[in-house]
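Report on one structure; see the data block that follows.
Numbering (the working numbering), first residue to last: 237 to 386.
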């Protein structure tokens, strides 16, 4: 995967180099990004690292240990101007990739995650609602009372 250079203060641009170094840089700075283009570019790198040919469980864990899941949900709630829909779509896809192997007991241990998924179900964005439903489906397979609480 290509390495990043910057076109402005925050926005990485690929130019051919080490994908690991690029991902490490993004993981170290993602929670401080405010520019929609920089956020979108960073999400693109994270998304690629989760679905690319080199994806491993270690990559997923590295991302989860560097960026709190709550931050991704915060990104979903922010207005990113013209880039909002693209950022929502990419963030939802990343969350689906990060959560796909998370079992029901893991999901319900995190009160913030349960609350965020509940909010996702009420989101005006169809893509965010679909994300919430995909995770609620895991809950429905295990514990109907928890589902009723949502």
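Glycine residues also receive a C-beta, built at the ideal position from the N, C-alpha and C atoms.
Give the C-beta separation of residue i and residue j to the nearest angstrom, bearing in mind that I take them to be a contact with Cβ-Cβ under 8 Å.
i	j	result
residue 275	residue 316	7 Å
residue 266	residue 278	5 Å
residue 353	residue 372	7 Å
residue 370	residue 332	6 Å
residue 387	residue 319	Lying before the first or after the last residue shown, residue 387 is absent from the chain, which here runs from 237 to 386.
residue 259	residue 285	5 Å
residue 334	residue 374	Incorrect: roughly 13 Å between the Cβ atoms, too far for contact.
Going by Cα to Cα distance, which pick from the options is closest to residue i?
i	options	result
residue 324	301, 299, 280 and 371	280
residue 329	360, 264 and 364	364
residue 289	269, 303 and 255	255
residue 308	345, 374, 344 and 282	282
residue 367	294, 326 and 293	326
residue 304	287, 268 and 291	268
residue 264	302, 355 and 293	302
residue 346	294, 292, 306 and 361	306
residue 351	310, 321 and 362	310
residue 271	361, 362, 291 and 314	314
Discussion item. Assess contact between the segment 290-298 and the segment 339-351, defined as three or more Cβ pairs (one per stretch) separated by less than 8 Å. Is contact present?
Written reply: Short answer: they don't touch.
Practice prompt. Could you name each continuous alpha helix (DSSP H) segment of 4 residues or more that falls completely within the segment 333-363, going from the start of the chain to the end?
Written response: Counting only runs of 4 or more, we get 340-345 and 347-357.
Worksheet item: Of all the alpha helix (DSSP H) runs that stay within the bounds of the segment 282-315, which reach a length of 4 or more residues?
Response: Listed in chain order, they are 293-302 and 305-313.
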